[in-house]
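J.: Pasting a structure here, questions to come.
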Amino acid sequence: MASLLSRFRAAHHLIRRLSERRAVPLNLNQNPTSNLLPLSSSPVPATFNGVWNQNSHSMSTETQGGLQHPDICTDQVLDFPGGPVLLTSEMSFISESARQRTSCYRVLDDDGLPVTDKSFQEVGKELALNMYSNMVTLQIMDTIFYEAQRQGRISFYLTSIGEEAINIASAAALTIHDVIFPQYREPGILLWRGFTLQEFANQCFGNKDDYGKGRQMPIHYGSRSLNYFTVSSTIATQIPNAVGAAYSLKMDNKQACTVTYFGDGATSEGDFHGALNFAAVTEVPVLFICRNNGWAISTPTSEQFRSDGVVVKGPAYGIRSIRVDGNDALAVYHAVSVAREMAIKESRPILIEALTYRVSHHSTSDDSTKYRPVEEIEHWRTVRDPTSRFRKWLDRNGWWTDKEESELRSEVRKKVLHAIQAAERQEKPSVADLFTDTMPAFPPPANDIGDGDAASTPQILC
Amino acid sequence: MRSITMVQKLGKVLTNTRRFSSANSISSKPINLFSAINQALDLALDTDPRSYIFGEDVRFGGVFRCTMGLADKYGKHRVFNTPLCEQGIVGFGIGLAAMGNRAIAEIQFADYIFPAFDQIVNEAAKFRYRSGNQFNCGGLTVRAPYGAVGHGGHYHSQSPEAFFCHVPGLKVVIPRGPKQAKGLLLSCIRDPNPIVFFEPKWLYRLAVEEVPEDDYMFPLSQAEVIREGSDITLVGWGAQLQVMEQACVDAAQEGISCELIDLRTLVPWDKETVEASVRKTGRLLVSHEAPITGGFGAEISASIVERCFLRLEAPIARVCGLDTPFPLVFEPFYMPTKNKILDAIKATVNY
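Chains as they are written, first to last, in our numbering: chain A, 188 to 649; chain B, 2 to 352.
Okay, structure coming up:
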């Protein structure tokens, strides 16, 4: 009876504590009109939109300190595998959600104004203009290739519109030695690394110059010389691959990391969870970059997970993590730069959740107006467009003019159209390529085996 | 990042290697199958510094003792435990192999390989083809103990080889005993293709034979005639060969001459050796532990009918596992036993 009573008291106490937690004033969004990002349906309102948290602007690396426990019987410690655990007489369930959502790191506001006077990793004029012209190029390439599919010239296409900052700024923060394991909405990394518009077009047309020899659908790019592993359509399978590759970089003492990209939907796959766990345990230099764009085809994040997005999953695996405004090129650049340095110097995985929005339909096989409001799409396409936001910052610095803008767009447009025409004219791959690259023979045929030093080399027995 | 240049180098070495039979000069000792596997893994680590062994519990030697002593010898960074996650193990292995390493992944039981099926089928098998040979994970070998063990029930007994035989881009190899296991495993590890290597766990301790101590390899995709005969051809692989051999001995006492072939590599399989034998005997029996429906025996039957229909004297017999989940107490009824094979031999010869 006494035991029952004490349980009741403990439960009552717990309920009271939880109620108190709920009663804590929330850090409400100061700009409610911009709170349109469909994250999870967590009961706690989002706080990242338009809010600059003065206390979290610096890229703190001190967040891995000792865990704090209130109401601990400090004299009672359970010696347990993994480290001692403090014992407590108070029964307390960990809340299913934090008091407020994880803040989102941002440098530029929607008008391209730096939201802090604190220093952030400066991006100089040359780099900034290079980033901007790549963002514009990606947007124009996407627009024209999309139309080419609509005209029936290519079989399929899928754009990165709305996600140009994640594509280009993250690429700019890496080196060519960093090995990319992409999903499929990251052609900007290839573009940044020098993949030409013609090479993109060749793949989409599956012609004889396509490195993939016409075997995969359009947008399944890959480039050995650019350290960009070939895209596969499967979701999340590339994530554990990136961990294994990072192990190789670690064993070879390379000053490089692997970087794998994926969407919010991919975080529901077992491969995501397995990969994060493997990376934490093997302590390898890998960046997990989640493009949380709100939608996995038609499934909103509220039907994908109930956690506060993706960033909170990192610490559960023992992985340092950050949430960043994915439509802020400077924030992405800075976060990825610092994450890369930590990953390589400390040989550790880092999870980056970049909040963005899939402005495009999922692909040319999708009409997203069937499942989401057109106003939402328009808002993100215009007010929150990462490319124009970056342009505003360039303008404020006096680095870019309307004339240069017009010339750039005109030139890129011409190049894309030319690339499409040339790719369309090129022949298809030889039919022999249907059969090549399946199974290289090994060992060589028996009649190739001659005399040699049998004592020191492997023998072929019959 | 580098390609599998080591394989090419090794290939060159091999072209300068004298071809000889095992009886010639190699010293050998009687060891069991897990020790033979252990020797092969030891040699793989020793001969290539870019080779790694990983999986659940491999660091202390593995639940079947195949990796015993290797972490001590080569260090915990080359022989290491992984979290309990098969898709993670194979996914990790693919990435490691894609960077030019030999990734030797252990799946603790073949029954548990299915979480990794997507990684094996959609990533490993297509890695080279889909990239137009820009990338490959040919350094990947996935080892997994398979098959009946007398008391394994549903989840420690299955023979899932047929699932993997249906995937272009993969090789599937199964040894029948210690000597074969060592030579075939080394070939698999050094082959420039992803390979699933199933080990007959019933034989880990049970099968003991003379195994050469040196580094040697058996060629893949070459079946071996292990018993010559004239009345009927029997084809099998792995642990089932022992059962089939006993059936051959019993059949011989009844005046039936059986030719027994160990397929060794299931994909790509050696059709020529089987076809030549069937053209000689006019009869074929295939036997495997996996359920009969959709088993690899069906593929062999179809291919041989296509190739030598007019030479067949009787329908091709398949003596296989039943179309039930692998049962615990009913295991003796489920299994393609010696007597079932003997009955099928007689029925086929007397057709």
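Think of the CB as a built atom: it goes at the ideal place given N, C-alpha and C, for glycine as much as any other residue.
Give a yes or no on whether 8 Å exceeds the smallest Cβ distance from residue 457 of chain A to chain B.
T.: yes
J.: Go through its chain and collect everything with a Cβ distance to residue 362 of chain A's Cβ below 6 Å, but skip five positions before and after it.
T.: none
J.: Should residue 403 of chain A be flagged as near chain B, meaning a C-beta pair shorter than 8 Å?
T.: yes
J.: Use the C-beta contact count for residue 153 of chain B: other C-beta atoms within 10 angstroms, 16 or more gives buried, fewer gives exposed.
T.: buried
J.: Is residue 531 of chain A near residue 444 of chain A, with beta carbons less than 8 Å apart?
T.: yes
J.: Which residues mark the beginning and the end of the alpha helix (DSSP H) in which residue 34 of chain B is found?
T.: 34-48
J.: Using beta carbons (cut-off 8 Å, strictly below), is residue 603 of chain A in contact with chain B?
T.: No, its Cβ sits nowhere closer than 8 Å to a Cβ of chain B.
J.: Closest Cβ-Cβ distance between residue 383 of chain A and chain B: below 8 Å?
T.: Not an interface residue.
J.: Just to make sure I have the definition right: I need the residues of chain B whose C-beta is within less than 8 Å of the C-beta of residue 464 of chain A. Which are they?
T.: 84, 86, 89
J.: Residues of chain B with CB under 8 Å from residue 416 of chain A, in chain order?
T.: 99, 132, 136
J.: What is the C-beta distance between residue 505 of chain A and residue 467 of chain A, in whole angstroms, given that I count them as a contact (C-beta under 8 Å)?
T.: 4 Å
J.: Count the other CB atoms within 10 Å of the CB of residue 231 of chain B; is the residue buried (16 or more) or exposed (fewer)?
T.: So residue 231 of chain B ends up on the exposed side.
J.: Taking Cβ-Cβ distances shorter than 9 Å, what residues in chain A pair up with residue 72 of chain B?
T.: What residue 72 of chain B touches in chain A: nothing, since even the nearest Cβ is about 15 Å away.
J.: Using DSSP with H/G/I as helix, E/B as strand and the rest coil, what is residue 289 of chain A?
T.: coil
J.: What would DSSP say about residue 28 of chain B, mapped onto helix, strand or coil?
T.: Residue 28 of chain B falls in the coil class under three-state DSSP.
J.: Under 8 Å by Cβ, that's how I've got residue 204 of chain B and residue 42 of chain B pegged, so tell me the actual separation to the nearest angstrom.
T.: In fact, because the Cβ distance is near 17 Å, the residues do not count as touching under 8 Å.
J.: Which same chain residues, not among the five before or five after residue 365 of chain A, have their C-beta less than 6 Å away from its C-beta?
T.: 443, 444, 446
J.: What is the DSSP secondary structure of residue 218 of chain B, counted as helix, strand or coil?
T.: Residue state, collapsed to three classes: strand.
J.: On the DSSP bridge assignment, give the partners of residue 142 of chain B in chain order.
T.: B:105, B:196
J.: Mapping DSSP to helix, strand and coil, what is residue 324 of chain A?
T.: DSSP, read as helix, strand or coil, puts residue 324 of chain A in helix.
J.: Let me know the secondary structure DSSP gives residue 229 of chain A once reduced to three states.
T.: Residue placement at residue 229 of chain A cannot be trusted, given a pLDDT of 40 that sits under 50; what the coordinates show is reported in the next sentence. Coil, per DSSP.
J.: Identify whether residue 350 of chain A lies in helix, strand or coil by the three-state DSSP scheme.
T.: coil
J.: Give every residue of the same chain whose Cβ lies closer than 8 Å to the Cβ of residue 286 of chain B, excluding the five residues on either side of it in the sequence, and list them in chain order.
T.: For residue 286 of chain B, the CB contacts under 8 Å within the same chain, skipping 5 residues up- and downstream, are 233, 234, 235, 236, 317, 318, 319, 320, 342, 345, 346, 349 in chain order.
J.: In the DSSP assignment, find the alpha helix (DSSP H) that holds residue 578 of chain A and state where it starts and stops.
T.: Looking at the DSSP string, the run of the alpha helix (DSSP H) that includes residue 578 of chain A is 573-584.
J.: Looking at C-alpha atoms only, which residue of A:375, A:303, A:337 is the closest neighbour of residue 574 of chain A?
T.: A:375
J.: Going by the beta-carbon positions, is the gap between residue 416 of chain A and residue 369 of chain A smaller than 8 Å?
T.: yes
J.: At least one CB of chain A closer than 8 Å to the CB of residue 337 of chain B: is that the case?
T.: no
J.: If you follow the alpha helix (DSSP H) that residue 468 of chain A is part of, which residue opens it and which one closes it?
T.: Start and end: 457-469.
J.: So, under 8 Å CB-CB, residue 224 of chain B and residue 264 of chain B are touching, yes? Tell me the CB distance rounded to an integer number of Å.
T.: 5 Å
J.: CA-CA distance, residue 299 of chain A and residue 465 of chain A?
T.: Residue 299 of chain A and residue 465 of chain A: Cα-Cα distance of roughly 39 Å.
J.: Within 10 angstroms of its Cβ, does residue 260 of chain B collect 16 or more other Cβ (buried), or is it exposed?
T.: buried
J.: On the DSSP bridge assignment, give the partners of residue 366 of chain A in chain order.
T.: A:445
J.: Could you tell me which residues DSSP puts in a beta bridge with residue 475 of chain A?
T.: A:447, A:538
J.: Going by other Cβ atoms of all chains shown within 10 Å of its Cβ, with 16 needed for buried, is residue 493 of chain A buried or exposed?
T.: Counting Cβ neighbours within 10 Å, residue 493 of chain A comes out exposed, since fewer than 16 surround it.
J.: Are the C-beta atoms of residue 344 of chain B and some chain A residue less than 8 Å apart?
T.: Not closer than 8 Å to any Cβ of chain A, the Cβ of residue 344 of chain B fails to qualify, so no.
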